[in-house]
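Just below is one structure, and these are the notes that go with it.
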Amino acid sequence: MKTFCGRANPTTGAMEWLEEDENYDYHQEIARSRYADMLHDKDRNMKYYQGIRAAVSRVKERGEKAIVLDIGTGTGLLSMMAASAGADFCYAIEVFKPMANAAVKIVEKNGFRDKIKVINKHSTEVTVGPDGDMQCRANILVTELFDTELIGEGALPTYEHAHKYLVKEGCEAVPHRATVYVQLVESKRMWSWNKLFPIRVEAEDGEKIIVSPSEMENCPGVPSVCDIQLNQMPSSDFAILSDVVTMFSVDFSKPVRSASTYYRVQLEPVKSGKAQIVLSWWDIDMDPSGTINCTMAPYWVKSTSAFQWRDHWMQCVYFLPNEEPVLQGEKVYLTASRDEYSVWYKLQKASGEEENKADFRVESPVCRCQAHLLWNRPRFGELNDQNRTHQYIKSLMNVLKTDSVCLCISDGSLLPMLAHYLGAKQVQYFLLLFFLLLLSSSIHFFKANHLEDKIKVVEARPELLTSSHLEDKKISILVGEPFFTTSLLPWHNLYFWYARTAVTKHLASNVTVLPQSASLHMMIVEFQDLWRIRSPCGICEGFDVRTMDDMIKNSLDFRESKEAEPHPLWEYPCKSLSDPREVLIFDFRKTVPQQCLSTEGSVNLLRKGRSHGAVLWMEYHLTADISVSTGLMQISNEKGNCEWNPHCKQAVYFFSSVIESETLADLPSAVTYAINFDTKTGEIAMDFKL
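In our numbering, the protein residues as written are 172 to 861.
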């Protein structure tokens, strides 16, 4: 059976109705899951197994039957661990039906059919009693319900319900407890993901400064956590202002409360500076004594010998509502407030005794400036990148004339203000906008810089632009970064080309388009760790989970295996096995052609290693000699280690089979590729052969 799905095409801007298989959502969910990453997490699996064995032993030593409740069983792995450790019976709960069906097959394949019952329900719907899903309450509670923030997947309400209705009082729990740690830091790099810094422009009539509106300066931002691979953040990019302290912990063996609350700790800064960021992570003790511990601590807190790469649990970056100066040795209070699903922080100076009696609960931050709703964290970083801004300034200085009429097509861009400051005062500029949020945010910016009379905002889609919108003027300079909030993959920003094509009749015959063109680039890489998210697991801690591998492969083959996916590669180290290759060119000086753009060829492999996939990115050629890259910045050494643009996600196409070469003689000489850009749909199809 087929179903129709509506979507806005990010590249062409068109509203489309696509005929999809009725199982499309299911396949997408499985293909994009992180099950493989979890099964490859040796440290997690080993610690869970040790904790489960110990819990079963403690129950048996009391002379009781070991009845296990496993909430969010996934593959059934933790239940199989419990059964093989001697548990008398396990109830394995899984709400996602395809996953529950896979768990049934995996349990049977491993010979635990009589010991494990898979229940396809949400745990809050599970019944207990002679006619219920569970015959009796469990005395061992096993779960893996955690995300990077610990509580973001609803762990607290799930535990709260389980203790009330599904497990016995005084039950064993694996994990037994979780502890959240925090550290106060100053970091210009991370702070640049949350606030817009002043932008200095050297114009002919002196230096101009673009400032952000006061609404943005004082805005606390959004409450959503920024979760990243903090182990890829060099120590030179932040200054530690406090020791690591325990913020709060949760004992899962006792009743858990999910109601909103707050925690407060006193910190004594070890260094003076500007407190901007709270870094946070957690660990879990699998047993009451804390001898079996699984930690997410970053590299400067624990030895690298204990380091386990994982993508399903990372570390948290929280932005304080405001930058707070702190002095070494002068105590401050850090308050963590939480609801059922999220945590946020506030820093306060320590003062008198009355503080101890006050309620320090802090309301969840709400973005008032709208910029935090419009721009994600990498976008803030991109706008704060002085080197990148300088390239645009240089390019604009090359093309602007005193009588220029500019049209800017980009979401939430500062280009119109740069163009105004670099051109003559009588020049008029037009900014094309499609979202009310963009409109409001842009007007705030123009007012803060006293430019509301200088830049005209046109509220129209490109194809609906009229001469009256432009006061019957012809556009002499069409500019774009290009950046659009709807873009996920690097080539989605080619929407600029489609918008340029739609406004052709309004362009002067000698129009300058900036950027004048774009190119798609490609390189074959070996990933240090990211390959794990696509790699079959086979046997996990002695259990056969190939049913899960087959299920993921089937869903990937449905569509995803033939598509690239976006990843911020500064967080995922890789080395180049080939030179970078320019594969397609898009000429913005001309309209989008009717025929497809295609290329095929081969790229030579120059280094030994495992060919995990191809990375693709865009480069924008602002003028003949000035370009900006959204991908590779440089190959930093002879080993082929890559440095990537930290503000953009690159496209990764994982190869379905990996060729491993230990020596150059083993190397397949080349990877052949075929890449096709369909100008009607704006989609890029690609195929690689090793």
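Every residue, glycine too, gets a C-beta built ideally from N, C-alpha and C.
- Rounded to the nearest whole angstrom, the CA to CA distance from Ser581 to Pro536 is 28 Å.
- Looking at the DSSP output, Pro737 bridges to Ala822.
- Counting along the chain, the unbroken beta strand (DSSP E) around Trp815 starts and ends at Cys813 to Trp815.
- Within the region 658 to 723, the complete alpha helix (DSSP H) segments at least 4 residues long are 666 to 673, listed from N- to C-terminus.
- Straight across, the Cα-Cα distance linking Ser782 with Asn816 is about 22 Å.
- It is roughly 35 Å from the alpha-carbon of Tyr516 to the alpha-carbon of Arg705.
- Looking at the DSSP output, Ser613 bridges to nothing.
- Selection Glu324, Ile756, Ser406 and Ser424 evaluated against Ser688 yields Ile756 as nearest (Cα-Cα).
- Of Val415, Gln403 and Ala237, the smallest CA-CA separation from Met485 is found for Gln403.
- Distance between Ser639 and Val629, taken at the CA atoms: about 10 Å.
- In the three-state scheme derived from DSSP, where H, G and I count as helix and E and B as strand, Tyr489 is classed as strand.
- Assigned with DSSP and collapsed to three states, Thr329 falls in helix.
- Non-local beta-carbon contacts of Leu367 in its own chain, meaning distances under 8 Å to residues more than five positions away in sequence, involve Ser383, Met387, Ala542, Phe551, Leu554 and Asn555 in chain order.
- In the displayed model, Pro549 falls within a helix according to three-state DSSP.
- Restricting attention to Gly282, His293 and Ser363, the CA atom closest to the CA of Phe267 is found in His293.
- Going by beta carbons, Ser358 and Asp304 fall outside the 8 Å limit.
- One thing to note: Ile287 has its Cβ within 8 Å of the Cβ of Val278.
- If only complete runs of 4 or more residues are kept, the region 265 to 335 shows the alpha helix (DSSP H) at 268 to 280, in order along the chain.
- Around the C-beta of Lys572, fewer than 16 other C-beta atoms lie within 10 Å, and the residue is accordingly described as exposed.
- Boundaries cannot be given for Thr183, as no beta strand (DSSP E) includes it and DSSP labels it neither H nor E.
- A direct Cα-Cα distance of roughly 8 Å separates Ser612 from Leu545.
- Counting along the chain, Ser769 sits inside the beta strand (DSSP E) bounded by residues Leu768 to Asn775.
- Ranked by how close their Cα comes to the Cα of Arg778, the residues Asp720, Pro269, Val842 and Trp788 have Val842 in first place.
- Under the three-state reduction of DSSP output, Ser749 falls in the strand class.
- The three-state secondary structure of Tyr512, taken from DSSP, is coil.
- Look at the beta carbons and you see the region 758 to 775 not touching the region 716 to 731: under three pairs across the two are nearer than 8 Å.
- In the DSSP assignment, the residues bridged to Tyr791 are Ala689 and Val799.
- In the three-state scheme derived from DSSP, where H, G and I count as helix and E and B as strand, Asn569 is classed as helix.
- Following the DSSP letters along the chain, one finds Ser451 inside the beta strand (DSSP E) bounded by residues Gly444 to Asp456.
- With a cutoff of 8 Å on beta-carbon distance, Gln557 and Leu793 are scored as not near each other.
- By the 16-neighbour rule on beta-carbons within 10 angstroms, Asp458 is buried.
- The Cβ neighbour count for Gln821, taken over all protein chains shown within 10 Å, is at least 16; the residue is labelled buried.
- Collapsing the DSSP output to three states places Ser584 in coil.
- Beta-bridge pairing by DSSP links Val372 to Lys379.
- For Met857, the pairing in a beta bridge is given by DSSP as Ile846.
- By the 16-neighbour rule on beta-carbons within 10 angstroms, His621 is exposed.
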